[in-house]
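**Student:** Structure in structure tokens, see below.
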Amino acid sequence: MHYIGIKAAICFGIIQLFLILGVSAGFSEEQCNPPVPELQVRPFCKFGTGAADASLAAVNPPDGLAFTGDGLLLATDALNHRVQIFDPYSGKHMGSIGDPSIFTGEVVDIAVLPDKGLLISDEKANQIYRFKRTTATPVTFQPISPPLLSGEGFKRLCGLACDSKGRIYVVDGIAGEVRRYFPDFKPDLSWKFQSTRPDNGLFLNKTEGVAIDESRGTLFLSSDWDGMVQVFDLETGKWTGKSIGRGTEALTGKPLGQSVFSVSVEGLAIIDDYLLVVDEGEVSASKNYPGHILIFDLRSPVLYETDAEKCRKRMADGIKDGLVGWFGSYVSPDSVAVFPGSVEHPEPLVAIANQGSYEVLVYKWEDIKNEIAKAHKEERIP
1 MHYIGIKAAI CFGIIQLFLI LGVSAGFSEE QCNPPVPELQ VRPFCKFGTG
51 AADASLAAVN PPDGLAFTGD GLLLATDALN HRVQIFDPYS GKHMGSIGDP
101 SIFTGEVVDI AVLPDKGLLI SDEKANQIYR FKRTTATPVT FQPISPPLLS
151 GEGFKRLCGL ACDSKGRIYV VDGIAGEVRR YFPDFKPDLS WKFQSTRPDN
201 GLFLNKTEGV AIDESRGTLF LSSDWDGMVQ VFDLETGKWT GKSIGRGTEA
251 LTGKPLGQSV FSVSVEGLAI IDDYLLVVDE GEVSASKNYP GHILIFDLRS
301 PVLYETDAEK CRKRMADGIK DGLVGWFGSY VSPDSVAVFP GSVEHPEPLV
351 AIANQGSYEV LVYKWEDIKN EIAKAHKEER IP
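In my numbering, the protein residues as written are 1 to 382.
Rendered as structure tokens:
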């Protein structure tokens, strides 16, 4: 969770200048973009003012995202000490949750609970706020307890996730660990998260992105500065020996080879059988790497062979597998959230926190799937 302020505005201006002038700071398009087909999709709505302000509908900056069960989009607005509520189907701002008297630090992630309540993490105060949903119209949430996990030794409490059993996964982005709690926030003593590699290094080198795949018993976690997604067993917390986007050395668990991500990995989300991963990118005097969303097929036999070299080779052979596509050009994007659809709103959605432009972009998942299908229809079979 990075707050970029003036730096973001400068970076955004640099990107726009590069796009206008058709230059890329000395880097080729092939170096800037992932070695798979670009998916030509556009957002159908966006939220935020595009500025670092405190107006009614601003998100300064957008960071953590989540959808409620009825399709409302929640976005943390850390520097304004609130969580914004948007309706992507109507395009309306529906209100906000919290204020500086409740959110004392910077709120950065959201988990929606099975009872429709919310958990909201604060990475500065290192605690969690719990809310219950009290009314549907107008949409309101009320705090139901004092802050949770305060004083529990977290160095940077950031990522949150909840499984169908109501178990809560809490990420410490600096310590490189994940703790699991029961719905009453008692620690799950059966959970033995493997934070340390065989060579005594950390598996997670600055982390915040977390996604749960219950059908495969898998917990995905971003290792941001290693440029990879590490894969753990959902029941035990043990590392599976697998990774996405970059290889690992078998004996030590150390990152190996070139990452398929340009710089840092951020948010993660799963929809259907696909893992969506935020590549933050980087813009500086020497680099022009806009951020993207990379899409991995969880059914693919080469899912865990998606480092840059293997992806480039498959692309050269006309095979689009494992990593199946990418889309978007963002300024320091952070979170991604998905809505699988509901009876009232059957159309699934994907939302991206475009942090550097102070906006949240919303896409139709059907548009993205159609682009994936189009790319694979053109695939050459050796």
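No residue lacks a Cβ here, since even glycine has one placed at the ideal position from N, Cα and C.
Here the structure is a predicted model, which is why all the values come from computation and not from measurement.
Please report the distance separating the alpha-carbon of residue 144 from that of residue 130.
**Tutor:** About 6 Å.
**Student:** Straight-line CA distance for residue 148 to residue 183?
**Tutor:** One C-alpha to the other measures close to 12 Å.
**Student:** Closest to residue 118 by CA distance: which of 124, 107 and 286 is it?
**Tutor:** Out of 124, 107 and 286, 107 has the C-alpha closest to the C-alpha of residue 118.
**Student:** Three-state secondary structure (DSSP) at residue 215?
**Tutor:** It is helical.
**Student:** Can you tell me whether residue 308 is buried or exposed, with buried defined as 16 or more other CB within 10 angstroms of its CB?
**Tutor:** Buried: at least 16 other Cβ atoms inside 10 Å.
**Student:** Apart from the five residues just before and just after residue 364, which ones in its own chain have a Cβ nearer than 7 Å to its Cβ?
**Tutor:** 44, 347 and 349, listed in sequence order.
**Student:** Leaving out the 5 sequence neighbours to the left and right, which residues in its chain are closer than 8 Å to residue 344 when beta-carbon positions are compared?
**Tutor:** Contacts found: 70 and 71.
**Student:** Which term fits residue 8, buried or exposed, when burial requires 16 or more other beta carbons within 10 angstroms of its beta carbon?
**Tutor:** At residue 8, the pLDDT of 41 sits below 50, so the modelled position is not reliable; the number obtained from the coordinates is stated separately. It counts as buried.
**Student:** What's the call for residue 368, buried or exposed, on a 16-neighbour Cβ count within 10 Å?
**Tutor:** Label assigned to residue 368: buried.
**Student:** Taking DSSP as the reference, what is the three-state secondary structure of residue 29?
**Tutor:** Caution applies to residue 29, whose pLDDT of 44 falls short of 50 and renders its modelled position unreliable; the value that the coordinates give is listed next. Helix.
**Student:** Using 9 Å as the threshold, is the C-beta distance between residue 110 and residue 66 below it?
**Tutor:** Cβ atoms of residue 110 and residue 66: closer than 9 Å.
**Student:** Can you tell me whether DSSP reads residue 357 as helix, strand or coil?
**Tutor:** Three-state result, residue 357: helix.
**Student:** Which term fits residue 76, buried or exposed, when burial requires 16 or more other beta carbons within 10 angstroms of its beta carbon?
**Tutor:** So residue 76 counts as buried.
**Student:** Where do the ends of the alpha helix (DSSP H) carrying residue 368 lie?
**Tutor:** Its alpha helix (DSSP H) spans residues 365-377.
**Student:** From 361, 319 and 323, pick the residue whose C-alpha is nearest to that of residue 377; which is it?
**Tutor:** It is 319.
**Student:** Specify the secondary structure class of residue 125 as computed by DSSP and reduced to three states.
**Tutor:** In the structure shown, residue 125 sits in coil (DSSP, three-state: anything other than H, G, I, E or B).
**Student:** Thinking just about the alpha-carbon of each residue, which of 93, 60 and 113 is nearest to the one in residue 81?
**Tutor:** That would be 60, whose Cα lies nearest to the Cα of residue 81.
**Student:** Flag this pair as touching only if the region 286-303 and the region 248-255 have three or more C-beta atom pairs under 8 Å; answer yes or no.
**Tutor:** With the cut-off at 8 Å, the region 286-303 and the region 248-255 do not touch.
**Student:** So, with DSSP's three-state summary, where would you put residue 208?
**Tutor:** If DSSP states are grouped into helix, strand and coil, residue 208 belongs with coil.
**Student:** Are residue 371 and residue 325 close, meaning C-beta to C-beta below 9 Å?
**Tutor:** Result yes, Cβ atoms of residue 371 and residue 325 sit closer than 9 Å.
**Student:** For the region 195-205 against the region 257-275, do three or more pairs of beta-carbon atoms, one drawn from each stretch, fall closer than 8 Å, so that the two count as touching?
**Tutor:** Short answer: they don't touch.
**Student:** Cα separation between residue 274 and residue 317?
**Tutor:** About 23 Å.
**Student:** Residue 114 to residue 313, Cα distance in whole Å?
**Tutor:** Rounded to the nearest angstrom, the two C-alpha atoms are 43 Å apart.
**Student:** Buried or exposed, going by whether 16 or more other CB atoms sit within 10 Å of the CB of residue 155?
**Tutor:** By the neighbour-count rule (16 or more Cβ atoms within 10 Å), residue 155 is not buried but exposed.
**Student:** Under the three-state reduction of DSSP, which class applies to residue 179: helix, strand or coil?
**Tutor:** Here residue 179 sits in strand by DSSP.
**Student:** Let me make sure I understand the geometry here. Which of 159, 135 and 228 has the alpha-carbon closest to that of residue 122?
**Tutor:** It is 159 whose Cα lies nearest to the Cα of residue 122.
**Student:** Would you mind stating whether residue 338 and residue 295 have Cβ atoms separated by less than 9 Å?
**Tutor:** In this structure, residue 295 does not lie closer than 9 Å to residue 338 by Cβ.
**Student:** Under 9 Å between the Cβ atoms of residue 219 and residue 278?
**Tutor:** Cβ atoms of residue 219 and residue 278: not closer than 9 Å.
**Student:** Is DSSP giving residue 82 helix, strand or coil here?
**Tutor:** Strand at residue 82.
**Student:** Cutting at 7 Å between CB atoms, please list the residues of its own chain near residue 212, excluding the five before and the five after it.
**Tutor:** Only 161, 163, 219 and 234 meet the Cβ criterion.
**Student:** Using only CA atoms, which one of 374, 366 and 333 lies nearest to residue 64?
**Tutor:** Answer by Cα proximity: 333.
**Student:** Which residues mark the beginning and the end of the alpha helix (DSSP H) in which residue 155 is found?
**Tutor:** First-last for residue 155: undefined, no H or E at that position.
**Student:** So the alpha helix (DSSP H) residue 313 belongs to, where does it begin and stop?
**Tutor:** Run containing residue 313: 308-316, per the alpha helix (DSSP H) assignment.
**Student:** The beta strand (DSSP E) that contains residue 383, what's its start and end?
**Tutor:** Lying before the first or after the last residue shown, residue 383 is absent from the chain, which here runs from 1 to 382.
**Student:** For residue 171 and residue 208, which I take to be in contact (beta-carbon distance under 8 Å), what is that distance rounded to the nearest angstrom?
**Tutor:** Yes, they are in contact, since the Cβ atoms of residue 171 and residue 208 sit about 6 Å apart, within 8 Å.
**Student:** Can you tell me where the beta strand (DSSP E) holding residue 266 begins and where it ends?
**Tutor:** Counting along the chain, the beta strand (DSSP E) containing residue 266 begins and ends at 265-271.
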